[in-house]
Amino acid sequence: MSYTSLHRNWRGSGRSFFHITGHLTLEFPVDSDTDLSTIEKRVDSALAKAWLALRYHHPTIASQTKLDPTTGKYMKVYPQNSVGWLERTFVVLSTGHSGAEWANHDPPAPALPTLYALAFPSAEDRRVIRRDLVFRSPHDIIDGIGTLLLFDNYVRHTAEAFTQGGSYQPPSLDDPKVFQNLSPPFRVAAAIPPEPSEAALHRLASLDIADAADKARNAEVAALPYKKGALAPGIHRRVEITLSPEQTARLTGACKEVGSTVTQVFHAAIALVLRNLQPMHEKPRSVEYVGYLLRNERGSCVPPFNGHEHAAAVYHSTSSEKLIINMAVPSRNDDLIEGPRLQVEKQEFLEIVQQMREFYLKVRDDPEHHRLAPLLWARRSIPLPLDEHAIPPIPPPSDSPSASISSMGRIDNIIRQKHGDIEVYNPWVTGEELRNGLGLFLGTFRGSLSFSAAYNDAWHDKDEVLQFVESCTHLVNAGLGLEESR
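Residue numbering for the sequence shown follows this note's numbering, beginning at 62 and increasing consecutively.
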């Protein structure tokens with residue numbers, strides 16, 4: 062219930078913490094002798110029918126997390142009545158803006174997962190109809206990988222409805238079998254015993270000892286600079302840079318040469334760029350980059366909960382141990398000349414890449430980690446208000462905000478580039494950022510790498526965040542010996 066906790070504790074801001082935004086562009090071909098308006102109606106009808114079909118196969122998208130007053134516990138509630146659900150949760154818009162533009166200007170954060178289909182004109186020389194899809198959902202219903210899985214299922218249903226036209230009918234939501242498709246919580250999906258084992262309790266005790274030792278060291282944490290003053294979050298924003306397929310291929314090849322993944326390399330760059338933003342003093346000093354890794358846990362689930370059939374679920378975890386990278390901040394009198402400085406920076410970059418690789422592999426290869434995940438979520442969650450209608454004070458901005466990364470990997474392995482006649486482009490996911498840190502995202506689709514950042518405009522400006530993203534990319538290119546060609 063960590064995401065429910067964040068949502069409830071920030072509700073005084075009038076915003077929904079980590080509210081999911083998923084984006085996808087669909088292009089439908091139009092024959093030269095076919096009337097565009099006729100096909101547009103067919104497209105929007107197919108999209109609506111596919112949304113109904115998606116609810117049948119993933120009824121969790123019609124759920125909400127609510128407090129049970131008799132038990133004092135929060136739980137997902139699924140309504141039996143489906144009347145009015147389509148009209149509330151499937152919205153066709155024509156704003157003149159692309160989906161990415163619309164999503165970047167304070168879109169609604171509905172209590173129920175909702176799909177917005179934005180009509181956007183294609184280039185005049187192309188006979189296609191374009192729809193940008195923006196999916197908005199509370200994070201306690203679905204996660205990032207789940208959103209991508211859900212998109213793939215949705216486009217498959219859309220392709221069927223578009224091809225069959227008026228003859229296509231989605232399954233009935235009154236079918237009792239729909240309840241069998243509800244997705245259980247992770248503990249059930251992964252067949253984790255309700256009571257922790259002695260080994261799990263011993264592991265948790267060891268983590269407590271390690272956390273206490275970290276606090277006792279009182280090390281300086283590399284904090285992200287931010288605008289002081291605002292106490293409440295403003296609007297969540299997103300910036301993105303995209304590498305060409307050629308640039309992406311060179312980058313991927315260079316990562317393999319140093320024995321690391323693209324994610325590990327960019328995570329190392331994030332740590333170093335954050336270090337470079339620290340003020341210099343008379344003497345050199347050490348600072349630490351501190352964070353956790355996100356781990357997709359669908360591979361830990363038992364069938365059928367480990368695949369597309371249960372996309373609408375929160376099946377991921379955070380690393381049990383902290384990621385801690387120690388780095389040196391030079392003095393303001395550092396007089397290394399340019400050539401040696403570049404060599405030192407490249408060597409330091411590759412050393413941190415190696416540290417990242419070792420930590421990532423440790424988390425990936427931990428056979429017991431998934432059994433700890435529910436316990437870790439419970440321990441790291443802010444306590445939930447026992448009054449569902451209570452509005453707690455908004456938590457203040459962090460004194461030492463940081464920058465985290467979430468990698469979607471090769472999205473082509475999750476979303477097919479084409480379903481029937483429908484071409485798919487621009488998939489991405491982000492969570493509503495209501496704190497003063499940065500959330501960075503990586504993903505590759507159709508051979509192009511996307512590197513984006515989510516931020517809140519109460520504490521950060523677009524140019525500043527874009528500079529952070531570009532600095533990470535520049536550092537990766539320099540550290541791997543690649544020439545920048547953007």
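Every residue, glycine too, gets a C-beta built ideally from N, C-alpha and C.
Whole-angstrom distance between residue j and residue i, CA atom to CA atom
i, j, result
"LEU312", "ASN538", "8 Å"
"LEU543", "MET388", "23 Å"
"GLY227", "GLU221", "11 Å"
"ASP236", "HIS119", "13 Å"
"ALA178", "ASP448", "36 Å"
"ILE398", "LEU541", "Low confidence applies to ILE398: its pLDDT is 47, below 50, so where it sits in the model is not reliable, and the reading given next is rough at best. So the two alpha carbons sit approximately 21 Å from each other."
"VAL300", "PHE502", "10 Å"
"ILE413", "GLY320", "13 Å"
"ASP213", "PRO140", "25 Å"
"ARG298", "ASP518", "7 Å"
"ILE452", "GLY73", "6 Å"
"THR126", "PHE247", "15 Å"
"THR99", "THR121", "33 Å"
"ASP275", "ILE443", "21 Å"
"ILE202", "GLU307", "37 Å"
"GLY360", "LEU445", "29 Å"
"PRO168", "ALA310", "35 Å"
"ILE472", "ARG217", "16 Å"
"GLY498", "ARG432", "29 Å"
"LEU145", "HIS158", "First, the amino acid is wrong: residue 145 is Gly here, not Leu. The straight-line gap from Cα to Cα measures roughly 27 Å."
"CYS533", "SER513", "11 Å"
"PHE78", "TRP520", "16 Å"
"VAL195", "LEU108", "13 Å"
Cβ-based burial, residue i [other Cβ within 10 Å; buried from 16]
i, result
"HIS166", "exposed"
"ARG69", "buried"
"ASP96", "exposed"
"SER305", "exposed"
"PHE327", "buried"
"ILE81", "buried"
"GLY400", "With a pLDDT of only 48 at GLY400, under the threshold of 50, the placement of this residue in the model should not be trusted; the figure read from the coordinates follows. By the 10 Å Cβ count, GLY400 comes out exposed."
"ASN279", "exposed"
"GLU358", "buried"
"GLU349", "buried"
"SER468", "buried"
"VAL424", "buried"
"ARG418", "buried"
"ARG441", "exposed"
"HIS430", "buried"
"LYS288", "exposed"
"GLN325", "buried"
"ASP460", "exposed"
"ALA329", "buried"
"PHE366", "buried"
"GLN241", "exposed"
Residue i and residue j closer than 9 Å at C-beta
i, j, result
"ALA172", "PRO199", "yes"
"SER463", "GLY368", "no"
"ALA515", "GLU484", "no"
"GLY160", "THR65", "no"
"MET341", "ARG264", "no"
"VAL152", "ASP105", "no"
"ILE466", "ILE302", "no"
"ALA373", "SER233", "no"
"ILE190", "LEU292", "no"
"VAL375", "SER347", "no"
"GLY83", "LEU211", "yes"
"ILE253", "ALA439", "no"
"PRO345", "ASP395", "yes"
"THR150", "LEU128", "no"
"PRO231", "TYR117", "yes"
"ALA180", "SER155", "yes"
"GLN536", "VAL334", "Sequence inspection shows Leu at residue 536; the Gln mentioned does not correspond to that position. For LEU536 and VAL334, yes; Cβs fall inside 9 Å."
"ARG336", "PHE223", "no"
Integer-rounded CB distance, given that residue j should sit under 8 Å from residue i
i, j, result
"ARG76", "ALA164", "Wrong, their Cβ atoms sit about 14 Å apart, outside the cutoff."
"LEU495", "TRP71", "5 Å"
"LEU436", "ALA261", "7 Å"
"ARG507", "GLN478", "6 Å"
"THR208", "VAL490", "5 Å"
"ASP482", "PHE89", "7 Å"
"ASP94", "HIS377", "So it is not a contact: roughly 48 Å between Cβ atoms."
"LEU338", "PRO294", "Their Cβ separation, rounded to whole angstroms, is 21 Å, which puts LEU338 and PRO294 out of contact at 8 Å."
Below-9 Å beta-carbon distance, residue i vs any chain D residue
i, result
"VAL526", "In summary, chain D is missing from the structure at hand, where a single protein chain is found."
>> Going residue by residue through the stretch 365 to 450, where are the continuous alpha helix (DSSP H) segments of at least 4 residues, counting only ones entirely within it?
In response: Listed in chain order, they are 399 to 425 and 430 to 441.
> What are the uninterrupted segments assigned as beta strand (DSSP E) that are 3 or more residues long and contained completely in the stretch 188 to 269, given in chain order?
Replying inline: Every unbroken stretch of the beta strand (DSSP E) spanning 3 or more residues and falling wholly within the stretch 188 to 269 is given here in chain order: 189 to 198.
> Where in the stretch 122 to 162 do unbroken runs of the beta strand (DSSP E), each at least 3 residues long, occur, reported from the N-terminal end onward?
Replying inline: Inside the stretch 122 to 162, DSSP marks whole beta strand (DSSP E) runs of 3 or more residues at positions 125 to 129, 134 to 138 and 151 to 154, from first to last along the chain.
>> Please give me, in chain order, every unbroken run of the alpha helix (DSSP H) with length at least 4 that falls completely inside the stretch 79 to 103.
In response: none
>> What ranges does the alpha helix (DSSP H) occupy inside the stretch 263 to 324, keeping only unbroken runs of at least 4 residues that lie completely in it?
In response: The stretch 263 to 324 is shown to contain whole alpha helix (DSSP H) runs of 4 or more residues at 306 to 318, in chain order.
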